[in-house]
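Note sheet for the following structure.
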Amino acid sequence: MAKLEILTYPNPVLREVSKPVTEFKSELKKFTDDMLETMYESKGIGLAAIQVGKPIQLLVVDTRQKDEDGRRYKYDEMTELEQSIVQPLILINPEIIKGYGKTTFDEGCLSLPSFYETVERFDKIDVKAKDATGREIKFTVDGLLAICIQHEMDHLSGTLFIDHLSFLKSNKIKNQIKKSGYPDKNNKDDDDDDSGSARSRKKSKESIKS
Ligand code: CO
């Protein structure tokens, strides 16, 4: 496995529309493994293929928490539906068949490191996709997993979470990045900084980048 480079805004590749996967060969399995490694090493909970420069409709997700030994486990705050889904989840050519209700969450993105903003999503979704072997899967999920899947699916159409913000807010972030770049990368794993402490967040920042 290999850790891949994650593209960051304003790299124009992130705006590309990803194409459906048509062949399920061993290369796809290897690429999926590399995506998972990249996501875990970057302490993200989700990653879309376009974020590593491949415009195909593939995403990986794992919203479970990690114990001291690095083992992933399902935690109490996970909804029943979320707990019923086997993770890591690999979704290929995903479609949201139906969305229910609304929820908001402070989202982050590995392609926009250190920025977190509240985004509105469906509370619950019916999803249809293919797994890494090309088999069709269908499920209903809510909770953080549903939010994360919607965030990743946005990437497949070239959309970033900042596009869901008000014009003013979104422009402020875009201009700040274009002008000053991202905050010091040496501190990117330091989740105890106070930049977002005013916001209520159930989990530490590192667990919600995707
Ligand atoms: Co993202």
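Sequence positions in the sequence shown follow our numbering and run 18 to 227. For every residue, glycine included, the Cβ atom is placed at its ideal position computed from N, Cα and C. Since we're looking at a predicted model, the values are computed, not measured.
Who does residue i pair with in a DSSP beta bridge?
i, result
"Gln-82", "Tyr-90"
"Arg-32", "DSSP output for Arg-32 lists no bridge partner at all."
"Leu-75", "Ile-109"
"Val-38", "Val-38 is not bridged to any residue."
"Gly-63", "Val-78"
"Thr-157", "Asp-143"
"Lys-20", "Per DSSP, none; premise fails for Lys-20."
What are the boundary residues of the beta strand (DSSP E) that residue i is part of?
i, result
"Ile-107", "106-124"
How far does the alpha helix (DSSP H) with residue i in it reach, from first residue to last?
i, result
"Phe-48", "43-58"
"Asp-171", "160-173"
"Ile-142", "No alpha helix (DSSP H) holds Ile-142; the beta strand (DSSP E) holding it covers 134-147."
"Ser-197", "184-197"
"Leu-98", "97-100"
Please confirm whether residue i and residue j have their CB atoms less than 9 Å apart.
i, j, result
"Phe-156", "Ile-102", "yes"
"Glu-169", "Leu-64", "yes"
"Ser-227", "Glu-124", "yes"
"Glu-137", "Lys-119", "yes"
"Asp-50", "Ile-109", "no"
"Ile-225", "Ile-62", "yes"
"Val-77", "Met-52", "yes"
"Thr-80", "Glu-99", "yes"
"Thr-150", "Phe-48", "no"
"Tyr-26", "Ile-194", "yes"
"Asp-7", "Asp-180", "For residue 7 there is no data in the structure shown, the boundaries of the chain being 18 and 227."
"Ile-166", "Leu-106", "yes"
"Cys-126", "Leu-182", "no"
Open item on the list: Just to be sure I understand the criterion: a residue counts if its Cβ is closer than 5 Å to at least one heavy atom of the ligand CO. Which residues meet that?
Closed with: Cys-126, Ser-227
Open item on the list: Taking 8 Å as the cut-off, does the stretch 112-128 touch the stretch 141-160 (at least 3 CB pairs, one atom from each stretch)?
Closed with: yes
Open item on the list: Does the contact criterion of 3 or more C-beta pairs under 8 Å hold for the stretch 121-135 versus the stretch 78-89?
Closed with: no
- [ ] Examine the Cβ distances between the stretch 69-77 and the stretch 25-45 and report whether three or more of them are shorter than 8 Å.
- [x] yes
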